[in-house]
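The structure appears below as structure tokens.
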Amino acid sequence: MRYIFLFILSVAAGVAGCQSTDALDDVFTDKLTELDASGRPLPVSRASSHAYAQSRGDTAAFQGVSQRGTGSFVAPAAVSPGKTAKGGDGYSLNLVDASISIAAKSVLGDVLGLNYTVDPRVSGKVTLQTTTPVSKEALIDIFESAISMNGAVITKRNGSYQIVPASEAFASTPELASSSGLGGPGIKIQAVELNYVSASEMKNILTPISRQGSIVRTDDTRNILTIAGTSDDLSSMRSAISVFDVDWMKGQSVALHPLKASQATSVSKELAAIFSTQDGPGANVIRFVPNERLNAVLIITSRPQYLDRAAAWIRQLDRLASTNEERLFVYNIQNRPAKELAQVLQSVLSGRNATRSSGNEPVAPDLQPASFVSDVSESVDGDAGKSDPFDKKNAKTSIVADVENNALLISTSAREYEHVERLLRQLDVLPTQVMIEAVIAEVTLNDELKFGLRWFFENGNFSVGFSDLASGGAGASFPGLGWSYATNDLRVTLNALSSITNVNVVSAPTLMALNNQKAVLQIGDQVPIVSRQSQSTDNNGSPVINSVEMKDTGVILTVVPRINTSGKVMLDIQQEVSDVVRTTSSGIDSPTIQQRKVSTRVVVSDNESVALGGLIQQRNDLVRTQVPILGDIPLIGNAFKNKTDQIRKTELIIFIKPRIVRDVREARDVTEEFRRQLDFSSDIKKRRGGSNKTEQDAKRLVY
């Protein structure tokens, strides 16, 4: 059975051999060999379009094979004409593993009709195939690209083209091509004039993306870049040049920032470090150029958003630098004298470091001149121990008092001025005032008051309440005789005294004083007093020369109020009442000053009176009167005479009542109250035996 099948297969092969090519014989031979080796029927060929029917009753029957041919027995042309997609003349390429010589003949010789030669050193094969027809220009570019992969290029020499190794491309002068005539095969050279970017910078841009040796020369003087390559290479490089050769100033963002306190060079270096412009990510993205003439920093960046960031840093750095630069500040004082406040600052700053003062003008008692310079390296609020990043030479503080404008001129750094200004605002506040009402009265000591007013207040039938200020008793000029009491009702006290004796009101002043400031009230005369006498001893009978000085007499009241936080008022009081009498103790023709003086310090509550007394004076009055003519008759004249020898004692009592005035509203209330009291109406009762003059003095009291 097997032999019958082989016979049939041989007959079929013979018939098929008459209608197919030799390739079909090879197929059948391979299949028969495979069948003979396996003894099994052949499978259906994948290349056949149908299978033969299997013999009945045979499970391994042969199915047959089939292969369709192309119907063409001639090789296709390597280059065939056609139409491009745009309707122009074109060519189709079909070169598979063709040598460079055959490809050159088909493209350069047959299609382009050019004379060419192929260097024997050029070897290799190329495959050029196109799916659609292409133009002549594209055909040349495809051919040059294909041979370039084999290290060959096309050059033009003596009117003909040569295919040579790439290393020999510039053995002869290449063709110089214009911008409009880039067509044709071969290596060409073109000079490109740049408009905005320098030739050297453009070379750095094109080198990584162009073929080696494509950039021939850079002319920085005329800003020309010379490039070489095929038409396609030149076109690609010109496209790249057009991308990068743009107006970079139009794309760059530029800003100029003036500086107030910093140096442009220093700030530029700091900004370069911040933005990492040296070797960091910000290199060549942003630049900082110092301008010393304008003391400004020029920012140049290719990213507009960097301008705002750089400007913020410049302001920050300039502000920090301004805290160290020495500047002149003017502080307008509102509530205190300029010299006084300058002296306070001098004391504070000189206490921290050495201070040298200038100026000889006195500002106030016990105060120094106002102008000074202080070398300070620490802040006023005591930042001791903290490191100061600035130089000590920038920490000098100079303060000068402008008396005319009541201002302070302060030359220092802004950082130091912040501390000085904070201290000034705490010192330059509206001072608290004290209105001081004083009554200085002279009380005649009669039989009821023969032991003095203190004994009368303590032991007499007197209902007015006093509180003893034993802890702050007065230190009078006559030791042991001083006393002081606090009372709430001055009017009642004076009425009580005037009901039993004569009360002579010497003075009743009212004055306003600033806290911790001296207030002086003086009512009286200046009396000439001979302080020294001199006479020449060389000449007998030379005149006596007297040195005379003026002495203040009358009522002199000096008060310094000091207010504490609890509302108490400490009063430094100096009270003097002096009279001028004829000198009886010496032969000097100069009056004698009789003084009653008290100097003390007391603490009184607001709107409470304090009474100071104990200054007792005794006068011996010898009064002689007679009847005219009759009193001069001898023997009987004494009957018409009257001789009175009287001892008169008086005690000086001082009432002082402070009233704190904290603001303008309270000052207005005090003024209005004082104005109402100017009607001179008084509730003081008429004193027993009081004269009209005494009554008028009593009406001068102000409560």
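So the sequence shown is numbered by my numbering: it starts at 3 and just counts up by one. Even for Gly, the Cβ is constructed at its ideal location relative to N, Cα and C. This structure is a prediction, so every number in the text was calculated from the model and none was measured.
Cβ-based neighbour list, residue i, same chain, cut-off 6 Å, excluding 5 preceding and 5 following
i	result
isoleucine 142	Pro187
leucine 632	Phe642
asparagine 334	Ala409
alanine 669	Val663
serine 255	Thr303, Pro306 and Leu309
Nearest-angstrom beta carbon gap, residue j and residue i [assumed within contact, 8 Å]
i	j	result
threonine 228	isoleucine 189	Not confirmed; about 13 Å, so no contact.
glycine 92	proline 122	In fact, because the Cβ distance is near 33 Å, the residues do not count as touching under 8 Å.
phenylalanine 246	isoleucine 207	5 Å
isoleucine 655	glycine 615	4 Å
isoleucine 2	valine 508	Residue 2 is absent from the model: the chain starts at 3 and stops at 705.
isoleucine 565	valine 436	7 Å
alanine 257	isoleucine 301	5 Å
lysine 127	aspartate 99	5 Å
arginine 650	arginine 621	5 Å
Residues near residue i in its chain [Cβ-Cβ closer than 8 Å; skip 5 each side]
i	result
isoleucine 211	Ala242
asparagine 117	Gly161, Ser162 and Tyr163
glutamine 537	Ser544, Pro545, Val546 and Ile547
glutamate 551	Pro530, Ile531 and Ser533
arginine 598	Ser479, Glu578, Val579, Ser580, Leu617, Gln619 and Leu654
Close-in-space but distant-in-sequence residues of the same chain around residue i (CB under 7 Å, 5 per side omitted)
i	result
threonine 209	Ile217
serine 683	Confidence is the limiting factor: at serine 683 the pLDDT is only 47, short of 50, which leaves the residue's position unreliable, though a coordinate-based value still follows. Within the same chain, serine 683 has no close Cβ partners at all.
glutamine 596	Ser580, Asp581 and Val583
glutamate 272	Leu319
serine 238	none
Assigned exposure category for residue i - 16 Cβ within 10 Å defines buried
i	result
alanine 275	exposed
threonine 415	Note on residue identity: the sequence assigns serine, not threonine, to residue 415. By the 10 Å Cβ count, serine 415 comes out buried.
threonine 646	exposed
valine 405	exposed
serine 244	exposed
glutamate 578	buried
aspartate 222	exposed
leucine 496	buried
lysine 262	exposed
methionine 151	exposed
glycine 384	Confidence at glycine 384 is low in this model, with a pLDDT of 37, below 50, so the placement of that residue should be treated as unreliable; the coordinate-derived value is given next. When all chains shown are included, glycine 384 counts as exposed.
glycine 231	buried
aspartate 671	exposed
Limits of the unbroken beta strand (DSSP E) element including residue i
i	result
lysine 158	154-159
asparagine 293	288-293
alanine 230	226-231
threonine 512	512-516
methionine 251	Careful: methionine 251 lies outside any beta strand (DSSP E), inside the alpha helix (DSSP H) at 250-253.
isoleucine 217	217-221
arginine 123	Segment: none, arginine 123 is in no beta strand (DSSP E) and carries neither H nor E.
glutamine 535	528-537
lysine 570	570-583
glutamate 610	That residue, glutamate 610, is in no beta strand (DSSP E); it is neither H nor E in DSSP.
leucine 523	521-525
asparagine 506	505-509
Alpha-carbon spacing of residue i relative to residue j, whole angstroms
i	j	result
threonine 267	leucine 296	12 Å
threonine 503	asparagine 448	7 Å
valine 529	serine 549	13 Å
leucine 637	threonine 627	17 Å
leucine 573	proline 563	5 Å
lysine 687	valine 505	Note that lysine 687 scores a pLDDT of 43, beneath 50, so its modelled location is shaky; the value from the coordinates is reported in the next line. Spanning the two alpha carbons is a distance of roughly 11 Å.
tyrosine 308	asparagine 96	57 Å
leucine 114	glutamate 195	32 Å
arginine 424	glutamine 348	15 Å
serine 611	arginine 493	10 Å
valine 299	glutamine 265	9 Å
proline 167	serine 200	33 Å
arginine 338	aspartate 430	6 Å
glutamine 576	glutamate 444	17 Å
lysine 341	leucine 351	15 Å
Host alpha helix (DSSP H) of residue i (start-end)
i	result
tyrosine 198	No alpha helix (DSSP H) holds tyrosine 198; DSSP gives it neither H nor E.
isoleucine 335	Taken as a continuous stretch (DSSP letters only), isoleucine 335 belongs to no alpha helix (DSSP H), as it is neither H nor E.
alanine 314	307-324
arginine 678	666-678
aspartate 345	The residue asked about is misnamed: residue 345 is glutamine in this sequence, not aspartate. Segment 340-352, the alpha helix (DSSP H) holding glutamine 345.
glutamine 428	416-429
aspartate 143	138-150
isoleucine 558	From DSSP, isoleucine 558 is part of no alpha helix (DSSP H) but of the beta strand (DSSP E) over 556-565.
leucine 273	266-276
serine 103	102-106
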